[in-house]
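A.B. asks: The structure's right below; bear with me while I get my questions together.
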Amino acid sequence: MAHDHFIELLDLDAEVLHDYHHDLITWVGREAADHPRVVDLGAGSGTGSLALARELPGARVTAVDVSPEMLAHVRSGAESAGLTDRIGTVEADLDQPWPDFGPVDVIWAAASMHHMADPARALASAHAALSPGGLLVIAELDSFPRFLTGTADEAVEQLVHEEAAKRRHEAGLHMHENWGDRITQAGFTAVTERRFDIDLQPPLPPAANRYAEVSLFRSRHMLEDRLSPSDLAAVEKVVAELPARTDLSIRTERTVWLARR
Ligand SMILES: C[S@@+](CC[C@H](N)C(=O)[O-])C[C@H]1O[C@@H](n2cnc3c(N)ncnc32)[C@H](O)[C@@H]1O
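In this note's numbering, each residue's number is its place in the sequence shown (first place is 1) plus 231.
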């Protein structure tokens, strides 16, 4: 799977689900210290790093990812936004012992904790890395976005989601963990949980069509060896029609936990 589609997907998520991302960053902004030193774990394309640097006054953000391509995208985004003095990158595999990030006031992990091979170890590392009183933010997906609810193609999308969920499970991803319990077990206090039920109805902007197209296109390739030829053909037909559709909606659920060291 072309890496650039993943980067595009992450950027589209931030653009299309703007209200959710804005609510979240505003919430974190209220809780964070002034001029916080932030570490963005599994920063991906950098949408979180950019938002944190923009929204948290004086924040200095270290974007961490195992992927050099992702980090290159973060750096070019920081450059375009004029934020190179406040966003740095560190290439690291967070399944290994963590680099020394220096003093850290906020750890932000959006859609990345489920990638950690050993979540308990990752949370212990986060606890050790944070300064006393520091803020941990974990945002996770309860469900991946669905675009075709209530349309004639809902069943095709449903099939794709079911097979993709099985594939993630087999790959050892930690979806649907009870992060609240895990955070508490790692020694964090004042754990707060907030669920975001996102339900965007048509008409949606063109970026939403592109988001649907990239999502389903990637799933189709990911599931090449799992779906029957007729199911693959059905998914391809839906993907081909997505750019011109006016009946798309977006439903996805996210949960966010805030906690203190
Ligand atoms: C689903 S993306 C989320 C990106 C970003 N936080 C966002 O919300 O858009 C997960 C990211 O975690 C990174 N990642 C996965 N496993 C990792 C590991 N062991 N160490 C560091 N980064 C990792 C991936 O390269 C990817 O960029």
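Glycine residues also receive a C-beta, built at the ideal position from the N, C-alpha and C atoms. As the structure is a prediction and not an experimental result, all values here were calculated from the model.
Based on DSSP bridge pairs, tell me the residues matched to Trp339.
C.D. replies: Working through the sequence shown from its first residue, we reach residue 339 at position 108. For Trp339, which the question treats as bridged, DSSP gives the partners Asp271, Val368.
A.B. asks: Give the secondary structure of Ala402 by DSSP, where H, G and I count as helix, E and B as strand, and everything else as coil.
C.D. replies: As a first step, residue 402 is located in the sequence shown; it is residue number 171 there, counting from the start. DSSP places Ala402 in coil when its eight states are reduced to three.
A.B. asks: So what does Trp495 bridge to, in DSSP terms?
C.D. replies: With the chain covering 232 to 492 only, the question about residue 495 has no answer from this structure.
A.B. asks: In the DSSP assignment, the alpha helix (DSSP H) including Arg352 goes from what residue to what residue?
C.D. replies: The sequence position of residue 352 within the sequence shown is 121, counting from 1. Run containing Arg352: 350-360, per the alpha helix (DSSP H) assignment.
A.B. asks: Under 8 Å, with one C-beta from each stretch per pair, do the segment 473-487 and the segment 413-429 reach the 3-pair mark?
C.D. replies: yes
A.B. asks: In the structure shown, what three-state DSSP assignment does His236 receive?
C.D. replies: Here residue 236 refers to the residue found at position 5 of the sequence shown. Note: His236 maps to helix in three-state DSSP.
A.B. asks: Any chance you could list the beta strand (DSSP E) runs of at least 3 consecutive residues sitting entirely within the segment 284-310, in chain order?
C.D. replies: 291-296
A.B. asks: For Gly319, collect the residues of the same chain with a Cβ closer than 6 Å to its Cβ; drop the 5 residues on either side in sequence, then sort them by chain order.
C.D. replies: Position 88 of the sequence shown, counted from the start, is the residue given in the question as residue 319. The residues are Thr293.
A.B. asks: In this structure, what does DSSP give as the bridge partners for Asp430?
C.D. replies: On the sequence shown, position 199 is the one that residue 430 refers to. Bridge partners of Asp430 according to DSSP: Arg482.
A.B. asks: What three-state label does DSSP hand Thr315 in the structure shown?
C.D. replies: As a working mapping, residue 315 is identified with position 84 in the sequence shown. DSSP places Thr315 in coil when its eight states are reduced to three.
A.B. asks: Quick one, are the C-beta atoms of Pro181 and Thr380 less than 8 Å apart?
C.D. replies: Outside the modelled stretch of the chain, which goes from 232 to 492, sits residue 181, for which no answer is possible.
A.B. asks: Does ligand 1 have a heavy atom nearer than 7 Å to the CB of His365?
C.D. replies: Stepping through the sequence shown from its first residue, residue 365 is reached at position 134. The amino acid occupying residue 365 in the given sequence is Gly; His does not appear at that position. Gly365 Cβ: outside cutoff for every heavy atom of ligand 1.
A.B. asks: Please report the distance separating the alpha-carbon of Ala264 from that of Val270.
C.D. replies: On the sequence shown, position 33 is the one that residue 264 refers to. On the sequence shown, position 39 is the one that residue 270 refers to. Approximately 14 Å between the Cα atoms of the pair.
A.B. asks: Determine the burial state of Asp331: buried for a count of at least 16 other Cβ atoms within 10 Å of its Cβ, exposed for fewer.
C.D. replies: Walking along the sequence shown from the start, residue 331 turns up at place 100. With fewer than 16 other Cβ atoms from the protein chains shown falling within 10 Å of its own Cβ, Asp331 counts as exposed.
A.B. asks: Using only CA atoms, which one of Asp384, Val337, Phe378 lies nearest to His358?
C.D. replies: Taking the first residue of the sequence shown as position 1, residue 358 is located at position 127. That would be Val337, whose Cα lies nearest to the Cα of His358.
A.B. asks: State the Cα-Cα distance for the pair Pro437 and His253, rounded to the nearest angstrom.
C.D. replies: The count along the sequence shown starts at 1 and reaches residue 437 at position 206. The count along the sequence shown starts at 1 and reaches residue 253 at position 22. Roughly 20 Å between the two C-alpha positions.
A.B. asks: Near Ala233, which residues of its chain fall below 7 Å by C-beta distance, leaving aside the five closest residues on each side in sequence?
C.D. replies: Within the sequence shown, numbered from 1, the residue matching residue 233 stands at position 2. Interpretation of Ala233 is limited by its pLDDT of 46, a score under 50 that renders its predicted location unreliable; no figure is taken from the coordinates.
A.B. asks: May I ask you to report which of helix, strand or coil DSSP gives Glu393?
C.D. replies: Residue 393 sits at position 162 when you count from the first residue of the sequence shown. Note: Glu393 maps to helix in three-state DSSP.
A.B. asks: Could you tell me the distance, in whole angstroms, from the CA atom of Ala176 to the CA atom of Met344?
C.D. replies: Coverage of the chain is limited to positions 232 through 492, which leaves residue 176 absent and any answer about it impossible.
A.B. asks: Throw me the rounded Cβ distance for the Ala284 and Leu314 pair, which I believe falls under 8 Å.
C.D. replies: To locate residue 284, count along the sequence shown from 1; it is residue 53. To locate residue 314, count along the sequence shown from 1; it is residue 83. About 5 Å separates the two Cβ atoms, so the contact holds.
A.B. asks: What do you reckon, are the CB atoms on Leu390 and Ala443 nearer than 8 Å?
C.D. replies: As a first step, residue 390 must be located in the sequence shown, where it is residue number 159. As a first step, residue 443 must be located in the sequence shown, where it is residue number 212. No, the Cβ-Cβ distance between Leu390 and Ala443 is not below 8 Å.
A.B. asks: According to DSSP, simplified to helix, strand and coil, what is Arg457?
C.D. replies: The count along the sequence shown starts at 1 and reaches residue 457 at position 226. Looking at Arg457 - three-state DSSP - the assignment turns out to be coil, as it is neither helix nor strand.
A.B. asks: Name the residue from Leu361, Arg268, Val297 whose alpha carbon lies nearest to the alpha carbon of Leu287.
C.D. replies: Position 56 of the sequence shown holds residue 287. Closest by alpha carbon: Arg268.
A.B. asks: Assign His249 to one of two classes, buried (16 or more other C-beta atoms within 10 Å of its C-beta) or exposed (fewer than that).
C.D. replies: The count along the sequence shown starts at 1 and reaches residue 249 at position 18. Result: exposed.
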